[in-house]
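Down below is the structure, laid out as structure tokens.
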Amino acid sequence: NAGVTQTPKFRVLKTGQSMTLLCAQDMNHEYMYWYRQDPGMGLRLIHYSVGEGTTAKGEVPDGYNVSRLKKQNFLLGLESAAPSQTSVYFCASSYLSGSGELFFGEGSRLTVL
Amino acid sequence: GENVEQHPSTLSVQEGDSAVIKCTYSDSASNYFPWYKQELGKGPQLIIDIRSNVGEKKDQRIAVTLNKTAKHFSLHITETQPEDSAVYFCAASIISSGSARQLTFGSGTQLTVLP
Numbered sequence: 006n007a008g009v010t011q012t013p014k015f016r017v018l019k020t021g022q023s024m025t026l027l028c029a030q031d032m033n034h035e036y037m038y039w040y041r042q043d044p045g046m047g048l049r050l051i052h053y054s055v056g057e058g059t060t061a062k063g064e065v066p067d068g069y070n071v072s073r074l075k076k077q078n079f080l081l082g083l084e085s086a087a088p089s090q091t092s093v094y095f096c097a098s099s100y101l102s103g104s105g106e107l108f109f110g111e112g113s114r115l116t117v118l
Numbered sequence: 015g016e017n018v019e020q021h022p023s024t025l026s027v028q029e030g031d032s033a034v035i036k037c038t039y040s041d042s043a044s045n046y047f048p049w050y051k052q053e054l055g056k057g058p059q060l061i062i063d064i065r066s067n068v069g070e071k072k073d074q075r076i077a078v079t080l081n082k083t084a085k086h087f088s089l090h091i092t093e094t095q096p097e098d099s100a101v102y103f104c105a106a107s108i109i110s111s112g113s114a115r116q117l118t119f120g121s122g123t124q125l126t127v128l129p
């Protein structure tokens with residue numbers, strides 16, 4: 006099992022460009038999440054999904070859009086990248102019930118110039 | 015919303031000594047408190063968690079304590095080893111049946127175990 010896989014792992018954008026981060030999980034988890042990690046600020050929830058075709062806003066959703074067309078995939082999009090979106094992005098997934106453990110991918114480092 | 019504060023931001027200990035990381039939370043309704051360990055270049059990984067109906071939980075060299083009245087919880091690592099060096103995050107959330115785990119994380123503690 007690969008667990009949670011994020012692509013790409015690194016990306017450099019210019020201000021105003023768009024891009025999509027892809028998250029794929031092979032654990033048949035119902036829930037999926039996108040977090041951003043910034044120095045001294047921990048991880049902050051951007052958007053999450055409780056199932057295929059559903060999405061919801063987290064703590065810091067502005068400037069991002071998400072889609073979950075398939076249960077195993079959760080896409081994070083930046084329509085017009087800004088320098089403030091320079092960060093490390095983590096995708097995670099979890100079961101509907103059970104321990105509540107989040108399983109994280111290895112992260113995607115995005116730099117916006 | 016929930017606010018989680020974590021201290022210290024950096025912690026250095028000698029190998030074999032104990033390490034303690036403390037967190038406070040603001041929402042008295044929070045009932046689930048996990049701790050995640052993040053090694054360099056990796057995603058966070060759950061190491062231990064505790065629910066609000068329990069005051070203490072141990073798993074080999076790590077333990078977590080929870081004081082609901084004071085709204086704080088702590089991670090204790092005994093007999094530290096070099097492989098314990100990592101960033102540790104506390105988190106808090108309200109867990110109910112069938113709900114997503116919207117964790118609020120602390121700002122992290124960089125633990126360095128010196129040989």
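These protein sequence lines map, in sequence, to chains A and B. Heads up: the first sequence begins at 6 in the working numbering, then just goes up one per residue. Heads up: the second sequence begins at 15 in the working numbering, then just goes up one per residue. Glycine included, each C-beta is placed from N, C-alpha and C at the ideal position.
Would a check of beta-carbon distances place Met46(A) closer than 8 Å to chain B?
Within the first sequence, residue 46(A) is the residue found at index 41, counting from 1. Cβ-Cβ to chain B under 8 Å: yes for Met46(A).
With a CB to CB cut of under 6 Å and the five nearest residues on each side skipped, what residues in its chain are close to Ser121(B)? Here residue 121(B) is taken as the residue at index 107 of the second sequence, counted from 1. Within the same chain, Ser121(B) has close Cβ partners Gln20.
Cβ of Tyr39(B) within 8 Å of any chain A Cβ: The residue given as residue 39(B) occupies position 25 in the second sequence. Interface flag for Tyr39(B) against chain A is unset, since no Cβ pair is found closer than 8 Å.
Coil, strand or helix - Ser97(B) by DSSP = Against the second sequence, residue 97(B) aligns to sequence position 83. Note on residue identity: the sequence assigns Glu, not Ser, to residue 97(B). Per DSSP, reduced to three states, the secondary structure at Glu97(B) is helical.
Practice task
To the nearest angstrom, report how far apart Phe79(A) and Asp31(B) are at their CA atoms.
Solution key: As a position in the first sequence, residue 79(A) is number 74, starting the count at 1. As a position in the second sequence, residue 31(B) is number 17, starting the count at 1. Rounded to the nearest angstrom, the two C-alpha atoms are 42 Å apart.
**Q.** Coil, strand or helix - Ser44(B) by DSSP
**A.** Stepping through the second sequence from its first residue, residue 44(B) is reached at position 30. Residue state for Ser44(B) is assigned as coil, using DSSP reduced to three classes.
**Request:** Run down chain B in chain order and give the residues with a C-beta less than 9 Å from the C-beta of Leu27(A).
**Result:** Here the question's residue 27(A) lines up with position 22 in the first sequence. Chain-order list of chain B residues neighbouring Leu27(A): empty, with the shortest C-beta distance near 15 Å, by a criterion of under 9 Å.
Q. Touch check for the stretch 88 to 104 of chain A and the stretch 85 to 104 of chain B: three-plus C-beta pairs under 8 Å?
A. The stretch 88 to 104 of chain A is not in contact with the stretch 85 to 104 of chain B.
Query raised in the report: If we cut at 8 Å on Cβ distances, does Gly105(A) have a partner in chain B?
Result: Counting from 1 along the first sequence, the entry for residue 105(A) is found at position 100. Yes, its Cβ sits closer than 8 Å to a Cβ of chain B.
Give me the residue from Leu54(B), Glu70(B), Ile109(B) and Thr118(B) with the minimum Cα distance to Leu48(A). As a first step, residue 48(A) must be located in the first sequence, where it is residue number 43. It is Thr118(B) whose Cα lies nearest to the Cα of Leu48(A).
| message | For Arg75(B) and Tyr46(B), which I take to be in contact (beta-carbon distance under 8 Å), what is that distance rounded to the nearest angstrom? | response | The residue you call residue 75(B) lines up with position 61 of the second sequence. The residue you call residue 46(B) lines up with position 32 of the second sequence. With a Cβ gap of about 22 Å, Arg75(B) and Tyr46(B) do not count as contacting.
If we define contact as Cβ-Cβ less than 8 Å, is Tyr36(A) a contact residue for chain B?
Counted from its first residue, the first sequence places residue 36(A) at position 31. Judged by the 8 Å Cβ criterion, Tyr36(A) is in contact with chain B.
- prompt: Along the chain, which unbroken stretches of the alpha helix (DSSP H) at least 4 residues long are found entirely within the stretch 41 to 75 of chain A?
  reply: Entirely contained in the stretch 41 to 75 of chain A, not one alpha helix (DSSP H) run reaches 4 residues.
| message | Any C-beta of chain B within less than 9 Å: which residues of the stretch 54 to 65 of chain A qualify? | response | So the list reads Ser54, Val55, Ala61, Gly63 and Glu64, given in the order they occur along the chain.
Cross-chain neighbours of Pro129(B) in chain A, by beta carbon under 9 Å = On the second sequence, residue 129(B) is found 115 positions in, with the first residue counted as 1. Residues of chain A passing the Cβ test: none, with the nearest at roughly 26 Å.
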